[in-house]
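Residue numbers (the numbering used here): 37 to 262. Glycine included, each C-beta is placed from N, C-alpha and C at the ideal position. Have a look at the structure below, then the notes.
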Amino acid sequence: MLETKAVFRRKDTEIEAADCVIDKIIRLSGTEFDRFSRNLMHDWDFIRNNAPDTVVDEQGRYHCLLVIGEGRRDGILVDSQGSSYARYSAFMPNVEDFLSVGRYSALKKLNKKLTDFVDVITEQAGMGSPDKNHGVVDLESWGEIFGIDFTTNGALRNTVLAMLDERTEIRDWELDKNMPTVYRATEPAPVEKKPSTLKQIRDARKAPKPPRKEKKPGRGRGEVDL
Numbered sequence: 037m038l039e040t041k042a043v044f045r046r047k048d049t050e051i052e053a054a055d056c057v058i059d060k061i062i063r064l065s066g067t068e069f070d071r072f073s074r075n076l077m078h079d080w081d082f083i084r085n086n087a088p089d090t091v092v093d094e095q096g097r098y099h100c101l102l103v104i105g106e107g108r109r110d111g112i113l114v115d116s117q118g119s120s121y122a123r124y125s126a127f128m129p130n131v132e133d134f135l136s137v138g139r140y141s142a143l144k145k146l147n148k149k150l151t152d153f154v155d156v157i158t159e160q161a162g163m164g165s166p167d168k169n170h171g172v173v174d175l176e177s178w179g180e181i182f183g184i185d186f187t188t189n190g191a192l193r194n195t196v197l198a199m200l201d202e203r204t205e206i207r208d209w210e211l212d213k214n215m216p217t218v219y220r221a222t223e224p225a226p227v228e229k230k231p232s233t234l235k236q237i238r239d240a241r242k243a244p245k246p247p248r249k250e251k252k253p254g255r256g257r258g259e260v261d262l
């Protein structure tokens with residue numbers, strides 16, 4: 037499960053995206069960023085000071101400022117078109133991930149390799165016997181397939197272990213000779229759902245009715261048992 041933020045538009049027929057170039061990163065405090073995000077049409081000194089740089093070049097690319105806040109996950113792209121306010125703006129989710137990983141192709145490749153690796157061994161760990169509900173994964177062999185050396189690179193090994201700790205499908209893992217070789221995956225116990233009231237009524241109507249008991253002949257008025 038992944039959590040993020042997004043700006044949704046109603047009944048768009050297509051996604052309109054533009055090529056942009058981030059020429060400068062403006063770092064604000066968390067409080068200043070929150071105030072800016074709620075007042076985009078106000079005049080801001082940091083936009084005014086960088087207004088000449090926010091233009092559309094000959095290739096049709098938007099040259100923007102990226103405004104981020106301390107302790108905030110998301111950012112705002114600003115193309116002021118020479119103004120001192122955010123004439124054009126775009127919400128940019130998970131901007132810290134973009135700045136730390138997305139800026140470098142080497143980190144992007146490594147991130148994808150580790151992510152694919154964790155996805156595979158998580159899937160393999162769930163293929164155990166039904167009675168034990170766990171699976172054994174030889175990480176060293178899988179590491180050779182993915183080109184990841186866990187024997188000598190402890191940093192990568194610790195990173196993968198930390199990633200596995202974040203996977204809800206993995207309950208626990210074991211170490212064998214300082215190498216992670218066994219992963220146990222458990223599935224949550226099925227929750228017994230109580231049938232709805234309507235279903236209970238329908239089931240009751242379908243159930244066979246018990247045979248009626250024969251009535252004993254009644255006594256006439258004034259008759260008593262002797």
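Looking from the CA of Asp55, the closest CA among Asp115, Trp80 and Asn86 belongs to Asp115. About 13 angstroms separates the beta carbon of Leu64 from that of Asn86, a gap too long to meet the 8 angstroms contact definition. In the DSSP assignment, Ala126 falls within the unbroken beta strand (DSSP E) covering Tyr124 to Met128. When the beta-carbon positions are compared, Glu94 and Thr158 stay at least 8 angstroms from each other. Judged by DSSP in its simplified three-state form, Leu113 adopts strand.
Across the structure, Phe69 and Ser177 are spaced so that their CA atoms are roughly 47 angstroms apart. Non-local beta-carbon contacts of Gly138 in its own chain, meaning distances under 8 angstroms to residues more than five positions away in sequence, involve Lys144 in chain order. Minimum Cα-Cα distance from Gly179 among the listed residues Leu150, Ala191 and Val131 corresponds to Leu150. Per DSSP, reduced to three states, the secondary structure at Ile157 is helical. Under the DSSP assignment, Arg84 falls in the alpha helix (DSSP H) whose first and last residues are Asp81 to Asn85. If you draw a straight line from the Cα of Ala53 to the Cα of Arg45, it comes to about 13 angstroms.
From the listed residues Val154, Val103 and Asp133, the smallest Cα separation to Ile181 is found for Val154.
Taking C-beta atoms under 8 angstroms as the contact rule, Val91 and His99 qualify, at a distance of about 5 angstroms. With respect to the C-alpha of Ile58, the residue from Asp201, Asp152, Met128 and Asn194 having the closest C-alpha is Met128. A direct Cα-Cα distance of roughly 26 angstroms separates Ser119 from Ala42. Residue pairing by DSSP puts His99 in a beta bridge opposite Val57.
The Cβ atoms of Phe72 and Val103 lie closer than 8 angstroms to each other.
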